[in-house]
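With positions in the sequence shown counted from 1, the corresponding number in the working numbering is that position plus 76.
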Amino acid sequence: MAQRPDTDRRPKTENEREYQMSHFLDINTTDPAALRQMIDQAQRMKSARQGQPKGSPDADLPLAGHMVALIFEKPSTRTRVSFDVGVRQMGGETLLLSGSDMQLGHGETIADTARVMSRYVDLIMIRTFEEATLLEMAEHATVPVINGLTNRSHPCQIMADIMTFEEHNGPIKGRKVVWSGDGNNVFSSFAHAAGQFGFDLTFTGPQTLDPEAVFLQEARAKGVTVEIERDPVKAVTGADLVVTDTWVSMHDPQSARERRHNQLRGYQVNAELMRHAKPDALFMHCLPAHRDDEATSEVMDGAHSVIFDEAENRLHAQKAVMRWCLGR
Ligand code: CP
Ligand code: NVA
Numbered sequence: 077m078a079q080r081p082d083t084d085r086r087p088k089t090e091n092e093r094e095y096q097m098s099h100f101l102d103i104n105t106t107d108p109a110a111l112r113q114m115i116d117q118a119q120r121m122k123s124a125r126q127g128q129p130k131g132s133p134d135a136d137l138p139l140a141g142h143m144v145a146l147i148f149e150k151p152s153t154r155t156r157v158s159f160d161v162g163v164r165q166m167g168g169e170t171l172l173l174s175g176s177d178m179q180l181g182h183g184e185t186i187a188d189t190a191r192v193m194s195r196y197v198d199l200i201m202i203r204t205f206e207e208a209t210l211l212e213m214a215e216h217a218t219v220p221v222i223n224g225l226t227n228r229s230h231p232c233q234i235m236a237d238i239m240t241f242e243e244h245n246g247p248i249k250g251r252k253v254v255w256s257g258d259g260n261n262v263f264s265s266f267a268h269a270a271g272q273f274g275f276d277l278t279f280t281g282p283q284t285l286d287p288e289a290v291f292l293q294e295a296r297a298k299g300v301t302v303e304i305e306r307d308p309v310k311a312v313t314g315a316d317l318v319v320t321d322t323w324v325s326m327h328d329p330q331s332a333r334e335r336r337h338n339q340l341r342g343y344q345v346n347a348e349l350m351r352h353a354k355p356d357a358l359f360m361h362c363l364p365a366h367r368d369d370e371a372t373s374e375v376m377d378g379a380h381s382v383i384f385d386e387a388e389n390r391l392h393a394q395k396a397v398m399r400w401c402l403g404r
């Protein structure tokens, strides 16, 4: 569990003494018992809201009086809206900030930004390019910091994905998850989750776009099977879950687009590929998607697909993450 670094020598305010806080930086650096507790709480909170208008407050208001900063250095629809709505449902308030509009984008150090922001807000969610920015923010902030996506990982997405899988098909422990496509930041968080939640993971994609080996080794060290299989049909055979993502991520140069498409075309998730997965297999995509590139519309809108449940569950999963961060 990433605890608040005690770098701030000023006396703690009432608000800070009141609770224990934790950063949510990655799935592999968060205690598995805490991850399980967050998924279960997210499910309970979702059930409790059934039939309620989206803007109505939760019965308890664990973030009442809390101010949450949502910082974006990259575009976002789901992360931005789900965090904003989630905070409001829990009784808190948000500040939506674009990195380029802040002094952060004009030379102020991340450390100074973290110290300053910590005097104004109770929680910081940041979507950034370099992982180093997130880590430096967490090191110097005296309030919890949440990873809203970096070039290397996207833990909030995978918390929603685990919740979605279990909601439809029961415990993910011991299941076979197959990722087809680019070994990118979203894949990395699946690899982190494989180790922490105990599921097997197969990556299928071109060697040039393999994930970082460290993510695979770390999951294997936790006792799960993690494989690379170049043949997508062999990879998907017997899968409980098939996942893909965009072939060109926000941090990838647009100049690489055509080359990536040529390399990845054979890894498109289409109805023929899904035929090799288990009959009740699920299909996931974090969105935004490029329909008929990485996955066909037939699959995205078909019987296996749970892509919009995934998007909804970002809201519920992140509410549980924020509560955990704040010890609420
Ligand atoms: N899946 C996801 O993080 O979507 P956004 O980029 O829209 O936030
Ligand atoms: N891999 C994608 C995920 C977007 C939510 C990206 O980083 O652009």
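Glycine included, every Cβ here is placed at the ideal spot set by N, Cα and C.
Option in the options with minimal Cα separation from residue i
{"i": "PRO287", "options": "ALA297, VAL157, GLU305 and CYS232", "result": "GLU305"}
{"i": "GLU386", "options": "GLU374, GLU184, ALA365 and HIS361", "result": "HIS361"}
{"i": "PRO355", "options": "GLN330, VAL318, ASP237 and ILE147", "result": "VAL318"}
{"i": "GLN339", "options": "ASP177, ILE103, THR280 and GLN179", "result": "THR280"}
{"i": "GLY181", "options": "THR170, ILE147, ARG120 and ALA347", "result": "ILE147"}
{"i": "ARG251", "options": "VAL262, PHE273 and VAL290", "result": "PHE273"}
{"i": "ASP237", "options": "ALA295, ILE383, LEU402 and ASN260", "result": "ILE383"}
{"i": "ARG164", "options": "GLN179, ALA135 and HIS327", "result": "ALA135"}
{"i": "ASP116", "options": "ALA393, LEU402, CYS401 and ARG404", "result": "ALA393"}
{"i": "GLU149", "options": "SER331, ALA214, LEU139 and MET178", "result": "MET178"}
{"i": "TRP400", "options": "GLU242, LYS130, SER132 and LEU139", "result": "LEU139"}
{"i": "ALA188", "options": "ASP198, ALA217 and GLY175", "result": "Strictly speaking, residue 188 in this sequence is Asp, with Ala absent from that position. Nearest C-alpha to ASP188: ALA217."}
{"i": "GLY131", "options": "GLY175, ASN245, LEU199 and GLY162", "result": "GLY162"}
{"i": "LYS249", "options": "ARG195, LEU172 and LYS298", "result": "LYS298"}
{"i": "ARG404", "options": "MET114, ASP377 and ASN104", "result": "MET114"}
{"i": "ALA347", "options": "MET235, PHE241, VAL375 and GLY246", "result": "VAL375"}
{"i": "GLY141", "options": "THR240, SER152, LEU199 and ASN104", "result": "LEU199"}
{"i": "THR284", "options": "ARG335, SER373, GLY314 and THR153", "result": "ARG335"}
{"i": "SER152", "options": "ASP377, LEU211, THR240 and ALA365", "result": "ALA365"}
{"i": "HIS99", "options": "GLU215, SER373 and ARG112", "result": "GLU215"}
{"i": "SER381", "options": "HIS352, PRO329 and PHE241", "result": "PHE241"}
{"i": "ARG341", "options": "ARG367, SER123 and HIS352", "result": "ARG367"}
{"i": "ALA353", "options": "PRO329, SER373, ALA124 and ALA379", "result": "ALA379"}
{"i": "TYR343", "options": "PRO329, ASP258, PHE291 and ALA289", "result": "ASP258"}
{"i": "MET239", "options": "THR106, ASP107, LEU111 and ASP377", "result": "LEU111"}
{"i": "GLY314", "options": "PHE291, ARG351 and GLU206", "result": "ARG351"}
{"i": "THR106", "options": "SER373, MET235, VAL197 and GLN330", "result": "MET235"}
{"i": "LEU211", "options": "PHE291, ARG195, TYR196 and ALA190", "result": "ALA190"}
Beta-bridge pairing of residue i - partner residues as DSSP gives them
{"i": "THR218", "result": "Beta-bridge pairing links THR218 to no other residue."}
{"i": "THR278", "result": "VAL254 and GLU303"}
{"i": "GLU169", "result": "MET143"}
{"i": "ARG367", "result": "ALA371"}
{"i": "ARG203", "result": "PHE148"}
{"i": "MET360", "result": "VAL319"}
{"i": "SER174", "result": "PHE148"}
{"i": "SER381", "result": "PHE359"}
{"i": "ASN223", "result": "ILE202"}
{"i": "VAL345", "result": "ALA371"}
Integer-rounded CB distance, given that residue j should sit under 8 Å from residue i
{"i": "ASP308", "j": "LEU349", "result": "Note that residue 308 is Pro in the sequence shown, not Asp. Their Cβ separation, rounded to whole angstroms, is 6 Å, which keeps PRO308 and LEU349 in contact under 8 Å."}
{"i": "ILE186", "j": "THR155", "result": "In fact, because the Cβ distance is near 20 Å, the residues do not count as touching under 8 Å."}
{"i": "VAL302", "j": "LEU277", "result": "5 Å"}
{"i": "LEU391", "j": "SER158", "result": "4 Å"}
{"i": "SER256", "j": "THR320", "result": "5 Å"}
{"i": "THR204", "j": "THR170", "result": "With 8 Å as the limit, THR204 and THR170 do not qualify as a contact, their Cβ atoms being about 18 Å apart."}
{"i": "HIS337", "j": "ASP369", "result": "7 Å"}
{"i": "VAL221", "j": "MET213", "result": "5 Å"}
{"i": "GLU243", "j": "GLN128", "result": "Not really, about 18 Å apart at Cβ, beyond 8 Å."}
{"i": "SER264", "j": "ARG296", "result": "No, SER264 and ARG296 are not in contact; Cβ-Cβ is about 14 Å, not under 8 Å."}
{"i": "MET166", "j": "LYS395", "result": "6 Å"}
{"i": "LEU358", "j": "ASN245", "result": "6 Å"}
{"i": "PRO247", "j": "ILE103", "result": "Contact flag wrong, Cβ pair sits at about 17 Å."}
Within-8 Å CB hit, residue i to chain D
{"i": "SER152", "result": "Among the chains in the structure shown there is no chain D, since it carries only a single protein chain."}
8 Å Cβ cutoff met for residue i and residue j
{"i": "ALA371", "j": "VAL345", "result": "yes"}
{"i": "GLN75", "j": "VAL262", "result": "In the structure as shown, the chain starts at 77 and stops at 404, and residue 75 therefore has no counterpart that could be examined."}
{"i": "ASP316", "j": "VAL253", "result": "yes"}
{"i": "MET97", "j": "LEU402", "result": "yes"}
{"i": "MET143", "j": "GLY168", "result": "yes"}
{"i": "ASN223", "j": "LEU137", "result": "no"}
{"i": "ALA270", "j": "VAL300", "result": "yes"}
{"i": "MET193", "j": "ALA267", "result": "no"}
{"i": "SER325", "j": "ASN260", "result": "yes"}
Tell me which residues pass a beta-carbon proximity test against ligand 1: closer than 5 Å to any heavy atom, given in chain order. SER152, THR153, ARG154, THR155 and CYS362
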